[in-house]
Amino acid sequence: MSVLTGRQIRELVFSGQTLIDPFDDCLVEPATCDLRLFHKVLASPVGETQTGKVVDLRDFPDGYKVLPGQMIAVLSLERINLPLNIVGRFGIRSSLARKGFNAFGGLQLDPGFRGRLMMNLVNVGPSPVPIFNEYRAFSVEFSKLDEEVEQGYCGPFQDQDDFPADQYNYILSAGT
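Residues in the sequence shown are numbered from 87 upward in steps of one, following the numbering used here.
Here is the structure:
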């Protein structure tokens, strides 16, 4: 198993493999590809009198401010479509971690996975941190397996395009 280089990621995409959709060549790094935030975010309540909310980042041109201690659920704008001989790992970009975000989520992408990536972020820093629509938030690394797996991923997050119902409930009613 070997990690794909940026050139190999491009070659896969340009050969017709829909690995990342939409694909933006500018997001390819030396051995990873950055993914951007989808406009829909789930934001937890911040105080005892507040309720969680669904945020549309397009409504916040100056950024939606994530308060210290607040948890948000985010999705990638791009959809991933892994062939049966590619596995992936993802996390937040270091630029978000340096601003105070800690990430929680499934980091492994099994061969055959299709859909948007989802992750929970908590602002553990001392100050509000703005996030923006289509901000480069995720970094995904792909590795080529020595052979194809017999059966690809077929779990509950296959073809994920939105947050699961239990995620809405968990984030929007957190702490209440």
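Beta carbons are placed, not taken as given, at the ideal position from N, Cα and C, and that holds for glycine.
Quick caveat, the model's predicted, so the values are computed rather than measured.
(message) Going residue by residue through the region 159 to 234, where are the continuous beta strand (DSSP E) segments of at least 3 residues, counting only ones entirely within it?
(response) 172 to 178, 187 to 190, 200 to 209, 215 to 217 and 222 to 230
(message) In the DSSP assignment, the alpha helix (DSSP H) including Y256 goes from what residue to what residue?
(response) Start at 1 with the first residue of the sequence shown, and residue 256 comes out as number 170. Run containing Y256: A251 to L258, per the alpha helix (DSSP H) assignment.
(message) For F100, report the span of its beta strand (DSSP E) as first-last.
(response) In the sequence shown, residue 100 corresponds to position 14, counting from 1. Looking at the DSSP string, F100 is not in any beta strand (DSSP E); the run it does join, the alpha helix (DSSP H), is G92 to F100.
(request) On a CA-only basis, which of L121, V132 and M204 is nearest P108? Give me that one, please. (result) In the sequence shown, residue 108 corresponds to position 22, counting from 1. It is L121.
(message) Would T104 and N167 qualify as a contact pair, given that the criterion is a beta-carbon distance under 8 Å?
(response) Taking the sequence shown and counting its residues from 1, one reaches residue 104 at position 18. Taking the sequence shown and counting its residues from 1, one reaches residue 167 at position 81. Yes.
(message) According to DSSP, is T262 part of a helix, a strand, or is it coil?
(response) Translated into the one-based positions of the sequence shown, residue 262 becomes position 176. A caution first: T262 carries a pLDDT of 48, below 50, which makes its placement in the model unreliable, though a value can still be read off. Coil, per DSSP.
(message) Between the alpha carbons of G241 and R200, how many angstroms are there, rounded?
(response) Locating residue 241 in the sequence shown gives position 155, counting from the first residue. Locating residue 200 in the sequence shown gives position 114, counting from the first residue. So the two alpha carbons sit approximately 10 Å from each other.
(request) Label S213 either buried or exposed according to how many other C-beta atoms from any shown protein chain fall within 10 Å of its C-beta, with 16 as the threshold for buried. (result) Here residue 213 corresponds to residue number 127 of the sequence shown, with the count starting at 1. By the neighbour-count rule (16 or more Cβ atoms within 10 Å), S213 is not buried but exposed.
(request) Please check the pair F224 and R179, which I expect to be a contact at CB under 8 Å, by giving their CB distance rounded to whole angstroms. (result) Within the sequence shown, the letter at position 138 stands for residue 224. Within the sequence shown, the letter at position 93 stands for residue 179. Contact holds; Cβ gap of about 7 Å.
(message) Output needed for F228: all residues of its chain with C-beta closer than 6 Å, excluding positions within five of it in sequence on either side, in chain order.
(response) Translated into the one-based positions of the sequence shown, residue 228 becomes position 142. Excluding positions up to five away in sequence, the list reads L90, I172 and G174.
(request) Helix, strand or coil for D247, going by three-state DSSP, please let me know. (result) By one-based count along the sequence shown, residue 247 stands at place 161. Residue state, collapsed to three classes: coil.
(request) Let me know if T137 comes out buried or exposed under the rule of 16 or more other beta-carbons within 10 Å of its beta-carbon. (result) For the purposes of this step, residue 137 is taken as residue 51 along the sequence shown, with counting starting at 1. Its Cβ having fewer than 16 others within 10 Å, T137 is exposed.
(request) Please report how far the alpha carbon of D252 lies from the alpha carbon of H125, in whole angstroms. (result) Residue numbering aside, residue 252 sits at position 166 when the sequence shown is read from its first letter. Residue numbering aside, residue 125 sits at position 39 when the sequence shown is read from its first letter. C-alpha separation (whole angstroms): 20 Å.
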